[in-house]
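Numbering (our numbering), first residue to last: 3 to 316.
For each residue, glycine too, the CB sits at the ideal point set by N, CA and C.
Heads up: the structure comes next, in C-alpha cells.
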Amino acid sequence: MASPRIGYLLPTRDQAVRGDHEPNQLIDQARRAEALGFDSVWAGDSPVTRPRADPMLLLAAVAIATRRITLGTAVLLPALRHPILLAHQLATLDRLADGRLIVGMGGGFPNANTEAQFAAVGVDFHRRISRLEESIEAMRRLWTGEEVSFTGRHFDFHDVRLAPAPTRPAGPPIWLAGGGEPALRRVARLADGWLPYPPAVQNYARDLAVIQQSAARTLTPALYATLCLDEDRERARRRLRTSIERYYNAPLEAVETIQAMFAGPPGEAADWLNAYTGAGARHLVIRLAADDQHAAMEEFAGRVMPLIRTKGRP
3 MASPRIGYLL PTRDQAVRGD HEPNQLIDQA RRAEALGFDS VWAGDSPVTR
53 PRADPMLLLA AVAIATRRIT LGTAVLLPAL RHPILLAHQL ATLDRLADGR
103 LIVGMGGGFP NANTEAQFAA VGVDFHRRIS RLEESIEAMR RLWTGEEVSF
153 TGRHFDFHDV RLAPAPTRPA GPPIWLAGGG EPALRRVARL ADGWLPYPPA
203 VQNYARDLAV IQQSAARTLT PALYATLCLD EDRERARRRL RTSIERYYNA
253 PLEAVETIQA MFAGPPGEAA DWLNAYTGAG ARHLVIRLAA DDQHAAMEEF
303 AGRVMPLIRT KGRP
C-alpha cells in the first residue's frame, strides 16, 4: 500500500480571530509546507459565520507561489453561490494551479450561526443540500467546455459555455464532507473523495465500508483532523482548548464529540493517525492547533510525518 498523502490546513480562521488579516503570511506558510514535504495545502470557507480570507482568491495566490503541492478547499460551501460563477472561478483556479486543485465541498453544519450565514446572503438554509447536489451536476456539465443547459429545482440556464475549461477534461475532483446515512449516500453517488472528521476510528471504518459498497466511481478516502503537539499532555490539552474555543466559540468538550482531535506527544499523534490510515484513510488534512504555525509545521514534518510515511509503506 502506498504511503498516505498528508495535507496542511492554512490557518485562515486562526489568523483572523487574532485580528491579523495579512494574506502574505498564509502564502508564506503554503510555500513552507511545500518545502517541508507536505502533499497538499487547504483553505476553509465561511464568509460570515467564521470570517476569514476567501479560499479561492487565497489559493489562486498560492497556485502562483508554489510548484508541486496540491491545493484544496476544506470545505467550500457551494450552496452560497451560483454554480455558473463558481464553476468559472474553480476552472480558472485549476488552470492557475496546472491541474493541482481538489474541491472539497460541504452543505454547512446545521446550527444557528450557519443558518444566519445563509440568511445573510439570501439562500434558504433548508435547501442547502439540494442546492449542493444541483451545483455539482451543473458544474460538471459546465467544466466540459461545451455549450450546456441545466434545469433543476434551484438553477435553470440554457446554452452556456464557460472558458477556460479546467485543466482536466472532467474538471477538478470533488470531495464531499459529511457523516450519517444521507451524507454517505451522497458521497457514494456524487463524489470523487470523502473528507470527514469522525472522532472514532471505528466509525470511520464503518462509514467508509458503506460508501465503497455503492460508490459510483473510485474515490479517495480522506480525513480532516486537528492536532496539538506537546510532550506534556496537560499543556497540549490546554492549548487545544484555547485554539478550539477561540475558533468555534464553543466548548472543546462539545466540538470534540463530532470532530477528530488529538492533543499530546508527536509519537502518539502518529499512532493515532495511523489508526485512521489503517482503517482506509489515504489523504490526511491536518489542522495544527498552534499560534506559531511555522514551528508547528516543522515539528509535525520532523516528528510525525516520517512515522506516518513509514507505516504506509508496503
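DSSP places Tyr-199 outside any alpha helix (DSSP H), giving it a letter other than H or E.
Setting aside the 5 residues that flank it on each side, Arg-163 is surrounded in the same chain by Glu-149, each with a C-beta closer than 6 Å to its C-beta; the list follows chain order. Judged by DSSP in its simplified three-state form, Ser-245 adopts helix. Linking Thr-75 to Ile-104 through their CA atoms gives a straight-line distance of about 7 Å.
In the three-state scheme derived from DSSP, where H, G and I count as helix and E and B as strand, Asp-158 is classed as strand. In this structure, Pro-6 sits away from Ala-271, with a CB-CB distance that is not shorter than 8 Å.
Cβ contact annotation for Gly-106 (same chain, cutoff 6 Å, sequence separation greater than five): Gly-74, Thr-75, Ala-76, Val-77, Trp-177 and Leu-197, in chain order.
DSSP lists Trp-177 as the beta-bridge partner residues of Gly-106. Taking a C-beta distance under 8 Å as the contact criterion, Val-64 and Ala-32 qualify as a contact pair. Of all C-beta pairs linking the stretch 86-101 to the stretch 117-132, fewer than three are shorter than 8 Å, placing the two stretches out of contact. Close CB contacts of Leu-242 within its chain, under the 7 Å cut and outside five residues either way in sequence, are with Cys-230, Leu-254, Met-263, Ala-265 and Ala-291 (chain order).
An exposed status is given to Gln-204, since fewer than 16 other beta-carbon atoms sit within 10 Å of its beta-carbon. Thr-279 and Arg-52 have their C-alpha atoms spaced approximately 30 Å apart. A distance below 8 Å separates the beta carbons of Leu-225 and Leu-286. According to DSSP, residue pairing for Trp-44 in a beta bridge involves Leu-11 and Gly-74.
In this structure Ala-303 touches Leu-38 by the C-beta definition: roughly 4 Å separates them, less than 8 Å.
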